[in-house]
Ligand SMILES: Cc1ncc(COP(=O)(O)O)c(C=O)c1O
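Numbering (our numbering), first residue to last: 266 to 671.
Rendered as structure tokens:
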């Protein structure tokens, strides 16, 4: 029990958890199914360019309700190839409140990311901001379905149509989520999923572009495989961004577990909300009940004025208890290099959110008892937030570190 601040591990109390709890422990599904698939690949001596990747692509396309899925070694490569295949040059407008991969992939494809502010109510790109950034140099707009909450799809598609721009979506967080009742995957020109180990469906590392545009999908397949076309003939410059058979074996197995993981995540999210309701300065970002979500992230906002302690200090309090929370996403893209130096911009809503945001552990490895204990720590720390802040300031002791895995 954490009754007062002396019980907090940061100040010498016993840690609440013997082992670290993470955001996004991998959902690996049924191990025997995975090994069966891996054994098949090994028996066939077929480790890449094989049937497992094709099967995974079919399952992902089915899940997203789209015609084409092009699986890749990770989502960053998928984004980069998409920017190239979409034929973009010049500037792309995007939110800064995203993982830096959204921007870096554009940059690596020779584009200039132009960051615009979010709608503070959703955390996603504000369409009015996006449209105000359109110039003759603009080639595309990128929406990000932040934490699985859909970007303003209709508005961004309208902006794209009005100005003749490509509209792309970074759907790294949004497999299985809906926008106005339609599954994420079929919006804009194309969308990109991530199957990184921490995602709700993982293939160790992996990503995919999904699109209903057959021509774009063909171009992406070619770029992914050294620029090859029918019969392996080289038709253009390309790279090697293929997904391996082993990765697809995990992807298929993890996808089979998806149906069980989502309700578990939903329950965790509801419990966090119930346990932290009414706690000053702490709010759990809600999901839109009218939409379907994968609930893979539990996002807390910590308002220092109400909680008495800053988000970073709460993160350290939790870390000392072996609860490894993550700042998704802080700093925001425009606050890191090279963007910070090259194109300084002020984005007040993004900066405020980046200052407050904290993703709390959830997923199949986190159960209701874990959530209750985590919330007990948060309640204890915030009940005496100012004392925690003062004591931490005075303390000469180094904070116990817990290794962070990604
Ligand atoms: C919003 C967003 N976009 C892109 C990526 C990149 O994904 P990957 O790690 O598969 O390259 C991530 C990864 O976490 C992400 O959160």
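Beta carbons are placed, not taken as given, at the ideal position from N, Cα and C, and that holds for glycine.
Taking all protein chains shown into account, residue 499 has fewer than 16 neighbouring C-beta atoms within 10 Å of its C-beta and is therefore exposed. Rounded to whole angstroms, residue 341 and residue 576 show a C-alpha spacing of 28 angstroms. Looking at the DSSP output, residue 496 bridges to nothing. Here residue 501 really is in contact with residue 492; their C-beta atoms are around 4 angstroms apart, less than 8 angstroms.
DSSP places residue 520 inside the alpha helix (DSSP H), whose first and last residues are 510 to 541. Where residue 431 is concerned, there is no enclosing alpha helix (DSSP H), although the beta strand (DSSP E) around it starts and stops at 431 to 435. Residue burial annotation: residue 632 is exposed, with fewer than 16 other C-beta atoms found within 10 angstroms of its C-beta. Excluding residues up to 5 positions away in sequence, nothing lies with its Cβ nearer than 6 angstroms to the Cβ of residue 352 in the same chain. Within the DSSP secondary-structure output, residue 566 pairs in a beta bridge with 548, 622. When secondary structure is reduced to three states using DSSP, residue 414 falls in the coil class, being assigned neither helix nor strand. If you check the C-beta of residue 529 against ligand 1, you find no heavy atom less than 7 angstroms away. Contact between the region 436 to 455 and the region 543 to 556 is present: 3 or more CB-CB pairs across the two stretches fall below 8 angstroms. Taken through DSSP and simplified to helix, strand or coil, residue 442 comes out as coil. Secondary structure note for residue 334: its beta strand (DSSP E) is the uninterrupted segment 333 to 337.
DSSP, read as helix, strand or coil, puts residue 652 in helix. Here residue 412 is buried: its Cβ has 16 or more other Cβ atoms, across all protein chains shown, within 10 Å.
With contacts defined by Cβ atoms closer than 8 angstroms, residue 588 and residue 642 form a contacting pair.
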